[in-house]
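The structure under discussion appears below in the form of structure tokens.
Residue numbers (our numbering): 3 to 426.
In structure tokens, the structure reads:
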């Protein structure tokens with residue numbers, strides 16, 4: 003039955019104007035996705051990646067992004083929600099992880115230049131004067147420095163993991179390692195200073211006011227968020243060797259694992275990615291055999307959840323035609339519906355959000371599966387990865403989900419998946 007479904011999908015791909023249509027193979031399309039990520043979603047003035055594109059015209063892809071004036075008056079909200087620059091740190095941290103994987107496979111020296119550029123973007127976003135340890139979501143492309151004052155633990159998670167992964171690779175120079183140590187130390191120090199009962203365990207906005215949305219809270223949080231705090235301390239300890247960070251890592255890690263074990267599957271795929279980033283970093287450093295086993299079990303458990311989410315996403319994706327997949331993101335200033343969330347005015351993207359999210363969700367799900375060691379899961383996921391990665395026209399995709407597709411591909415390659423063949 004599974005083989006029949008797979009053959010039916012292949013036939014569907016071959017029918018013009020239905021589903022995805024005839025496209026290049028996975029190897030070629032993965033390279034197209036890589037190039038599109040760097041030419042359309044990346045901006046050289048900030049060295050960061052952005053959430054969506056609103057035009058396929060060269061040079062106009064990111065024309066919707068907020069102006070300096072809009073950012074400086076924190077319009078439309080202090081997170082930049084809905085503007086196209088709310089998840090830059092998530093995307094840029096993910097690409098840094100992908101760069102490390104690609105370099106490990108190809109040893110292409112040019113990738114070091116890409117990684118250095120990405121590090122500059124992260125450094126500009128996290129080494130902010132008068133706000134040590136604050137990590138901005140992204141930077142305004144108009145001046146390369148203005149930012150929204152409310153970050154989130156999600157942004158920090160991708161930032162910390164990407165920097166740590168890069169640091170542990172053979173890619174960075176001594177100067178780059180110094181920069182990473184400074185950033186991770188600053189982040190840990192901000193946690194020490196602010197993540198206290200007095201602040202309700204909130205690391206605070208850039209203006210040192212509490213976040214009204216709860217997204218900067220680091221302890222006494224939901225199960226899928228519990229491992230973030232020890233992860234940050236562990237990363238800082240690993241790159242600096244400072245005992246204070248190690249002791250804080252040990253203080254929180256056991257309870258964090260216990261809380262994480264209460265995870266249920268009813269979450270978006272981005273939750274699974276961030277859990278795996280936390281578990282992967284902690285597992286790599288953990289010496290307690292019991293915690294190692296439990297972290298390994300958590301990785302596999304979340305990987306299975308992600309595989310199921312990946313299958314669900316593919317079922318939805320194959321029902322869309324090329325025109326639907328190619329829809330562009332909006333100029334958020336002109337949307338008709340706005341939400342209010344605890345005083346934050348947020349533009350709603352309407353139907354576009356579903357397409358944007360679906361493209362991202364299937365990539366995030368694949369990435370999670372390839373972040374834990376289970377050959378059987380890898381093989382199942384590759385059938386899905388092959389179907390969407392070989393079929394989508396990445397020159398006509400406006401969602402930042404493309405970056406997760408790229409990261410998934412290189413993670414699969416790292417595990418020795420033969421991407422030149424189609425599994426039947």
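Note that CB positions come from ideal geometry on N, CA and C, so glycine has one too.
Asked: Go to residue 343, then tell me how far its beta strand (DSSP E) extends in each direction, as first and last residue.; Found: 340-343
Asked: Suppose you measure from the CA of residue 148 to the CA of residue 70; what does that come to, to the nearest Å?; Found: 6 Å
Asked: Just to confirm my understanding: we take residue 28, look at its own chain, exclude 5 residues before and 5 after, and list those with CB closer than 6 Å. What are they?; Found: 388, 391, 392 and 421
Asked: Taking only the alpha-carbon atoms, compute the straight-line gap between residue 23 and residue 328 and give it to the nearest angstrom.; Found: Because residue 23 sits at a pLDDT of 47, beneath the cut-off of 50, its placement in the model cannot be relied upon, and the point is left open.
Asked: Going by DSSP in three states, residue 410 sits in which element: helix, strand or coil?; Found: helix
Asked: For residue 283, I'd like the list of residues in its chain whose CB is within less than 7 Å of its CB, leaving aside the five on either flank, ordered along the chain.; Found: 163, 166, 233, 236 and 237
Asked: Distance, Cα to Cα, residue 273 vs residue 341?; Found: 23 Å
Asked: How is the alpha helix (DSSP H) around residue 130 delimited, first residue to last?; Found: It is not in any alpha helix (DSSP H) - residue 130 carries neither H nor E in the DSSP assignment.
Asked: In three-state terms, what does DSSP make of residue 112?; Found: helix
Asked: In terms of DSSP beta bridges, what is residue 83 paired with?; Found: None, per the DSSP bridge assignment.
Asked: What's the gap between the Cα of residue 324 and the Cα of residue 357?; Found: 12 Å
Asked: Tell me where the beta strand (DSSP E) around residue 2 begins and ends.; Found: Only positions 3 to 426 of the chain appear in the structure, and residue 2 is not among them; the question remains open.
Asked: Are residue 285 and residue 229 touching if we call contact CB-CB under 8 Å?; Found: no
Asked: Residue 346 to residue 202, Cα distance in whole Å?; Found: 20 Å
Asked: Does DSSP classify residue 348 as helix, strand or coil?; Found: strand
Asked: Within this structure, are the beta carbons of residue 135 and residue 90 separated by less than 8 Å?; Found: no
Asked: Can you list, in chain order, the stretches of the alpha helix (DSSP H) that have 4 or more residues and sit fully within the segment 137-187?; Found: 155-170
Asked: Output yes or no for whether 8 Å exceeds the beta carbon distance between residue 320 and residue 35.; Found: no
Asked: Exposed or buried, residue 312, counting other C-beta atoms within 10 Å across all chains shown (16 or more means buried)?; Found: buried
Asked: Within the segment 253-310, note down every full alpha helix (DSSP H) run reaching 4 residues or more, in order along the chain.; Found: 271-287
Asked: Which value, in whole angstroms, describes the spacing of the CA atoms of residue 240 and residue 248?; Found: 8 Å
Asked: Quick check on DSSP: helix, strand or coil for residue 321?; Found: coil
Asked: Answer with buried or exposed for residue 375, where buried requires no fewer than 16 other C-beta atoms within 10 angstroms of its C-beta.; Found: exposed
Asked: Exposed or buried, residue 181, counting other C-beta atoms within 10 Å across all chains shown (16 or more means buried)?; Found: buried
Asked: Please name the residue in 54, 209, 73 and 409 whose C-alpha comes closest to that of residue 367.; Found: 409
Asked: Let me know if residue 339 comes out buried or exposed under the rule of 16 or more other beta-carbons within 10 Å of its beta-carbon.; Found: exposed
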